[in-house]
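Student: Below you will find the structure I want to go over with you.
Chains as they are written, first to last, in this note's numbering: chain A, 1 to 290; chain B, 1001 to 1235.
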């Protein structure tokens, strides 16, 4: 049973965070993050070879989060597996007690640490969301009855500030039609545009969790603006961090303001502290959420 | 047409050295590789000069009408039987299909002189772009005549992905996002609601090796998808 679903459907404002599985078998660093973030969030995303770089699988790491007493959001990208493996891993997730699943297309391997890898993309996220919905009804993608069904609370990524918005938004609506029940959005930079997107999506029956990214240093801003796909830090925010006497403290203040601002608009916040886990509780306290 | 580009010269020399070739016959292609300026007369003469500079004798060369045509290439090999016989190896400046046709037409070791890269549209003279993967399961009916399998670097049937920014592609950042182009054209044609989610592709339509025999009226390399109790949505 997904507590995330229960809270969102009850209309409560949720907080999610994220942890990254290790490159290797020692999960102790990830578990330290889990111990810091778990108590102040309702669920934790467990990333799946994020940025097309090699990590231990989200499947095993999500289970470790569950075993530690917290609720994971199992992430699955379409980049690394074909339709057999994706369906098989979804079934495995269900038997491991993972109910929240965030289905994403995935970054291209050419931007990751194995640029020679074949990007699989046998399915895209819209198609896989449809398939996961079918699994909840006891069917595989061929429509065959399975022995036992799944009970996934299905999430997807959404991009409220991408332009052209009408085209990106149409894809988001189709994800909802395919069965996505919650969105975790790209980092919010412009609250007004975010609000406009929520207004378009919410009537289709989706809960929108706003992405909040800690712009913790000028270096991070440069990285986002030059290396990260699908996001740009607007000059106004970049200048504010760059010009601050203590950029880190300023970024915590900015994130706190952003959480406060989206609180009246979104159904929750997803905080991405880029390793500064300790800042999450400060942001939440500052916004009156912890 | 098939687009080729020059193969790394060191690899060619390494191939020739492996069979201790001191003499080489060069075969080009009068069709695609000539148009692509990789395997016509000019490029053959260039390769000839480079081989000779390495101390390798070039016993002769030929540009057949089209290297991948078995009959024509066998004829070309017969015409040049003497010079091919004198050579330790044959270097072929054509696509991989042509290289294999030449390899079937002579007993000599045959090596590729080019890399075969894609089926190309000729955008204008000397400018080629990949628009079709020959996947055997065409989606252009659903995508306004723009192939996402080929022109989206991720090959997504549904998009844009989250990397799209200001209409541009995440991977090829100087190019417009294929899915933005598709959706705009569909809208211009009033076809926005023509489909919801494009269903998963049938990759069995592209089983290797493909084979078509019009004489026998049968097609190999294509297998029926397994029976399903419910369709996957039309295609």
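Virtual Cβ for every residue (Gly too), placed ideally from N, Cα, C. Keep in mind it's a predicted model, so treat the numbers as computed, not measured.
When you compare the CB positions of residue 1022 of chain B and residue 1088 of chain B, do they come within less than 7 angstroms of one another, or not?
Tutor: As a working mapping, residue 1022 of chain B is identified with position 22 in the second chain. As a working mapping, residue 1088 of chain B is identified with position 88 in the second chain. Their beta carbons are under 7 angstroms apart, which means residue 1022 of chain B touches residue 1088 of chain B by this criterion.
Student: Please report the straight-line C-alpha distance between residue 158 of chain A and residue 108 of chain A, rounded to a whole angstrom.
Tutor: Counting from one through the first chain, the residue named residue 158 of chain A turns up at place 158. Counting from one through the first chain, the residue named residue 108 of chain A turns up at place 108. Computed Cα separation, rounded: 17 angstroms.
Student: Any C-beta of chain B within less than 9 angstroms: which residues of the region 162-187 of chain A qualify?
Tutor: Listed by position, the residues of the region 162-187 of chain A near chain B (Cβ gap below 9 angstroms) are 162, 163, 164, 166, 167, 168, 170, 171, 174, 175, 177, 178, 186.
Student: Who pairs with residue 172 of chain A in a beta bridge, going by DSSP?
Tutor: Along the first chain, read from residue 1 onward, the residue named residue 172 of chain A stands at position 172. Paired residue(s): none; residue 172 of chain A is not in a bridge.
Student: Do residue 206 of chain A and residue 183 of chain A have their C-beta atoms within less than 7 angstroms of each other?
Tutor: The residue you call residue 206 of chain A lines up with position 206 of the first chain. The residue you call residue 183 of chain A lines up with position 183 of the first chain. Yes, these two residues count as a Cβ contact at 7 angstroms.
Student: Nearest by alpha-carbon distance to residue 72 of chain A: which of A/35, A/85, A/79 is it?
Tutor: Within the first chain, the letter at position 72 stands for residue 72 of chain A. When each option's Cα is compared against that of residue 72 of chain A, the closest is A/35.
Student: Let's see if you can read the secondary structure: which residues bound the beta strand (DSSP E) around residue 75 of chain A?
Tutor: Along the first chain, one-based indexing puts residue 75 of chain A at 75. First-last of the beta strand (DSSP E) with residue 75 of chain A: 72-77.
Student: Checking contacts by CB at 7 angstroms: is residue 1117 of chain B closer than that to chain A?
Tutor: For the purposes of this step, residue 1117 of chain B is identified with residue 117 of the second chain, where counting begins at 1. No, because no Cβ of chain A sits closer than 7 angstroms to the Cβ of residue 1117 of chain B.
Student: Kindly list the residues whose CB is nearer than 8 angstroms to the CB of residue 1059 of chain B, restricted to its own chain and excluding five residues on each side of it in sequence; keep chain order.
Tutor: Within the second chain, residue 1059 of chain B is the residue found at index 59, counting from 1. So the list reads 1023, 1024, 1025, 1083, 1084, 1086, 1087, once near-sequence residues are dropped.
Student: Mind checking the region 278-290 of chain A against chain B and listing, in chain order, the residues whose C-beta falls within less than 9 angstroms of any C-beta there?
Tutor: For the region 278-290 of chain A, which is checked against every Cβ of chain B, not one residue is closer than 9 angstroms.
Student: Quick check on this structure: which residue in A/128, A/134, A/287 has the alpha carbon closest to the alpha carbon of residue 143 of chain A?
Tutor: Walking along the first chain from the start, residue 143 of chain A turns up at place 143. Residue A/134 is the option with its Cα nearest to residue 143 of chain A.
Student: Quick check on residue 1166 of chain B - is its C-beta less than 7 angstroms from some C-beta in chain A?
Tutor: On the second chain, position 166 is the one that residue 1166 of chain B refers to. With 7 angstroms as the cut-off, residue 1166 of chain B counts as an interface residue toward chain A.
Student: Nearer than 6 angstroms: is that true of the beta carbon of residue 93 of chain A relative to any heavy atom of the ligand MN?
Tutor: For the structure depicted, the ligand MN is absent and the ligand set is empty, with no information on it obtainable.
Student: What does residue 1208 of chain B touch in chain A if you count any residue whose Cβ is under 7 angstroms from its own?
Tutor: Here residue 1208 of chain B corresponds to residue number 208 of the second chain, with the count starting at 1. Going along chain A, no residue has its Cβ under 7 angstroms from residue 1208 of chain B, so there is no contact; the nearest lies around 15 angstroms.
Student: According to DSSP, is residue 1030 of chain B part of a helix, a strand, or is it coil?
Tutor: Your numbering for residue 1030 of chain B matches position 30 in the second chain. Correct three-state label for residue 1030 of chain B: coil.
Student: Can you tell me which of the three DSSP states residue 1203 of chain B falls into?
Tutor: Here residue 1203 of chain B refers to the residue found at position 203 when the second chain is read from its first residue. Looking at residue 1203 of chain B - three-state DSSP - the assignment turns out to be helix.
Student: According to DSSP, is residue 1082 of chain B helix, strand or coil?
Tutor: Numbered from its first residue, the second chain carries residue 1082 of chain B at position 82. Correct three-state label for residue 1082 of chain B: helix.
Student: Residues in its own chain within less than 7 angstroms of residue 2 of chain A by CB, not counting five upstream and five downstream?
Tutor: As a position in the first chain, residue 2 of chain A is number 2, starting the count at 1. Hits under 7 angstroms: 99, 100, 153.
Student: Taking the alpha-carbon of residue 52 of chain A as reference, which of A/8, A/40, A/120 has the nearest alpha-carbon?
Tutor: Counting from one through the first chain, the residue named residue 52 of chain A turns up at place 52. Among A/8, A/40, A/120, the Cα nearest to that of residue 52 of chain A belongs to A/120.
Student: Are three or more beta carbon pairs between the region 1169-1177 of chain B and the region 1209-1217 of chain B nearer than 8 angstroms?
Tutor: No contact exists between the region 1169-1177 of chain B and the region 1209-1217 of chain B.
Student: Here's a check: name, in chain order, each residue in its chain whose Cβ is nearer than 8 angstroms to the Cβ of residue 276 of chain A, leaving out the five neighbours to either side.
Tutor: Residue numbering aside, residue 276 of chain A sits at position 276 when the first chain is read from its first letter. The residues are 214, 216, 248.
Student: Quick check: the Cα distance between residue 980 of chain B and residue 1210 of chain B, rounded to an integer number of angstroms?
Tutor: Any answer about residue 980 of chain B is impossible in this case: the structure gives chain B only from 1001 up to 1235.
Student: When the cut-off is 7 angstroms and only beta carbons count, does residue 121 of chain A lie next to chain B?
Tutor: Looking up residue 121 of chain A in the first chain gives position 121. For residue 121 of chain A, the answer is yes, since a Cβ of chain B falls inside 7 angstroms of its Cβ.
Student: When you compare each of A/15, A/4, A/7, A/5 to residue 273 of chain A by their alpha carbons, which one comes out closest?
Tutor: Walking along the first chain from the start, residue 273 of chain A turns up at place 273. Comparing Cα positions, the closest option is A/15.
Student: Could you give the residue range of the alpha helix (DSSP H) that holds residue 6 of chain A?
Tutor: Here residue 6 of chain A is taken as the residue at index 6 of the first chain, counted from 1. Counting along the chain, the alpha helix (DSSP H) containing residue 6 of chain A begins and ends at 3-9.
Student: Answer with buried or exposed for residue 267 of chain A, where buried requires no fewer than 16 other C-beta atoms within 10 angstroms of its C-beta.
Tutor: Translated into positions along the first chain, residue 267 of chain A becomes position 267. Result: buried.
Student: Report yes or no: is there a C-beta of chain B within less than 7 angstroms of the C-beta of residue 126 of chain A?
Tutor: One-based indexing of the first chain puts residue 126 of chain A at position 126. Closer than 7 angstroms to some Cβ of chain B, the Cβ of residue 126 of chain A qualifies, so yes.
Student: In three-state DSSP terms, what is residue 270 of chain A?
Tutor: One-based indexing of the first chain puts residue 270 of chain A at position 270. Looking at residue 270 of chain A - three-state DSSP - the assignment turns out to be strand.
Student: Grab me the residues of residue 1118 of chain B's own chain with a C-beta within less than 6 angstroms of its C-beta, minus the 5 sequence neighbours each way, in chain order.
Tutor: Locating residue 1118 of chain B in the second chain gives position 118, counting from the first residue. Cβ within range, chain order: 1003, 1130.
Student: Give a yes or no on whether 7 angstroms exceeds the smallest Cβ distance from residue 1235 of chain B to chain A.
Tutor: Taking the first residue of the second chain as 1, we reach residue 1235 of chain B at position 235. Unreliable placement is indicated for residue 1235 of chain B, whose pLDDT of 43 sits below 50; the coordinate value is still reported in the next sentence. Not one chain A Cβ lies under 7 angstroms of residue 1235 of chain B.
Student: From the DSSP output, in three-state form, read off residue 1120 of chain B for me.
Tutor: Within the second chain, residue 1120 of chain B is the residue found at index 120, counting from 1. Three-state DSSP puts residue 1120 of chain B in a strand.
Student: What are the residues that DSSP puts in a beta bridge with residue 44 of chain A?
Tutor: Reading the first chain from its first residue, position 44 is the one you call residue 44 of chain A. According to DSSP, residue 44 of chain A bridges with A/17, A/72.
Student: What residues are listed by DSSP as bridge partners for residue 1111 of chain B?
Tutor: In the second chain, residue 1111 of chain B corresponds to position 111, counting from 1. In DSSP, residue 1111 of chain B forms a bridge with B/1091.
Student: For a test of the three-state rule: what should DSSP assign to residue 1007 of chain B, helix, strand or coil?
Tutor: In the second chain, residue 1007 of chain B corresponds to position 7, counting from 1. Residue state, collapsed to three classes: coil.
Student: Which residues does DSSP pair with residue 201 of chain A in a beta bridge?
Tutor: Working through the first chain from its first residue, we reach residue 201 of chain A at position 201. Note: residue 201 of chain A sits in no beta bridge, so no partner.
Student: When burial is assigned at 16 or more other CB atoms within 10 Å of the CB, is residue 1228 of chain B buried or exposed?
Tutor: As a first step, residue 1228 of chain B must be located in the second chain, where it is residue number 228. Summary for residue 1228 of chain B: the model assigns pLDDT 49, below 50, so the residue's position carries little reliability; its value from the coordinates is reported in the next sentence. With fewer than 16 other Cβ atoms within 10 Å, it is exposed.
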